[in-house]
Amino acid sequence: MRSKSFIIVFFIAFLVASVGCQKTKPSPLLNEKLTAQNFFELVEKVKKDSLLTAEEIDLFSSGVARYSNFVDSLFNKSIKEIIDQERTLRRRQSYINLATNAIVCYSRFRYDGWKPIEIDGSKFNVFTYTISNISKNDIKKIYGYLQFFTTSNQLIRAYRINVDQTIKAGQFTQFQSTFRAEENNQNEQFLIKSLEENPRSILVTWRPMYIELDNGQKIDLEEK
18 MRSKSFIIVF FIAFLVASVG CQKTKPSPLL NEKLTAQNFF ELVEKVKKDS
68 LLTAEEIDLF SSGVARYSNF VDSLFNKSIK EIIDQERTLR RRQSYINLAT
118 NAIVCYSRFR YDGWKPIEID GSKFNVFTYT ISNISKNDIK KIYGYLQFFT
168 TSNQLIRAYR INVDQTIKAG QFTQFQSTFR AEENNQNEQF LIKSLEENPR
218 SILVTWRPMY IELDNGQKID LEEK
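Here it is in structure tokens:
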């Protein structure tokens, strides 16, 4: 009985080891470099290569799509290099999404409006907004960008917002930020005209970049 049990255990261990080796064996295709001459050929090889994982194919596809308007930038890069680059970009974006969602768990931003003003002959744009602290800790600082988009989701203009004033737990505060008008900036002129004539044609978003609580906790998306 002991002999049979040993054989069974050994056989199972052998199967597990075999499967593990198969899963970790990299495809030789990963080291092949793309050129203008072999681009389509490599794409066909990817389709037939059973050693490439679904994740690797997906990352390669995303990497190719990223350079669709600059295809020459793909050439002389190996498939592995393109995959690794895309994986790094995705990881960074995933962290940005996580950090942004974490900031939103503690705060809410509401855009309240815009008005032009003139001081001593100089024109300024004043943006009003409200930040709510929905947490149980005071917010000491919160920074980010007030972003304006077209209805087709094209960024028109972004303004840096720095709030260094404490926002008490469970409370909200309205703020105003003033920016000198840039009359030679075509994007800003388009934005101002749209806000004057058809404000509903403009989409406004808040992109948080930094938050610091009174207990010392913070999230910094600009930290290298």
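Residue numbers (my numbering): 18 to 241.
Note that the Cβ used here is the ideal one computed from N, Cα and C, for glycine as well.
To which residues does DSSP link F192 through a beta bridge?
Along the sequence shown, one-based indexing puts residue 192 at 175. DSSP output for F192 lists Y146 as bridge partner(s).
Taking the alpha-carbon positions, what's the F207 to G161 distance?
For the purposes of this step, residue 207 is identified with residue 190 of the sequence shown, where counting begins at 1. For the purposes of this step, residue 161 is identified with residue 144 of the sequence shown, where counting begins at 1. Spanning the alpha carbons of F207 and G161 requires a straight line of approximately 22 Å.
By the 10 Å Cβ neighbour count, where 16 or more other Cβ atoms means buried, how is V180 classified, buried or exposed?
The residue given as residue 180 occupies position 163 in the sequence shown. V180 comes out buried.
Does the contact criterion of 3 or more C-beta pairs under 8 Å hold for the stretch 214-233 versus the stretch 146-158?
Short answer: they touch.
So, with DSSP's three-state summary, where would you put Q164?
Looking up residue 164 in the sequence shown gives position 147. Strand.
Residues bridged to N179 [DSSP beta-bridge criterion]
Here residue 179 refers to the residue found at position 162 of the sequence shown. Partner(s): Y160.
How about R104 and L76: are their beta carbons less than 9 Å apart?
Within the sequence shown, residue 104 is the residue found at index 87, counting from 1. Within the sequence shown, residue 76 is the residue found at index 59, counting from 1. The answer is yes: Cβ separation under 9 Å.
Assign G130 to one of two classes, buried (16 or more other C-beta atoms within 10 Å of its C-beta) or exposed (fewer than that).
In the sequence shown, residue 130 corresponds to position 113, counting from 1. G130 comes out exposed.
Counting Cβ pairs closer than 8 Å, one from the stretch 162-177 and one from the stretch 86-106, do we hit at least three?
Judged by Cβ distances under 8 Å, the stretch 162-177 makes no contact with the stretch 86-106, as fewer than three pairs qualify.
Helix, strand or coil: which one does DSSP assign to Y128?
By 1-based counting over the sequence shown, the position of residue 128 is 111. DSSP places Y128 within a strand segment (E or B) once states are collapsed to three.
Starting from V60 and walking both ways along the alpha helix (DSSP H), at which residues does that stretch end?
Within the sequence shown, numbered from 1, the residue matching residue 60 stands at position 43. V60 -> alpha helix (DSSP H) spans 56-65.
For a quick check, are the C-beta atoms of I156 and I228 less than 9 Å apart?
Walking along the sequence shown from the start, residue 156 turns up at place 139. Walking along the sequence shown from the start, residue 228 turns up at place 211. Contact flag set, yes.
From the DSSP output, read off the bridge partner residues of V221.
Counting from 1 along the sequence shown, the entry for residue 221 is found at position 204. V221 has F165 as its beta-bridge partners, per DSSP.
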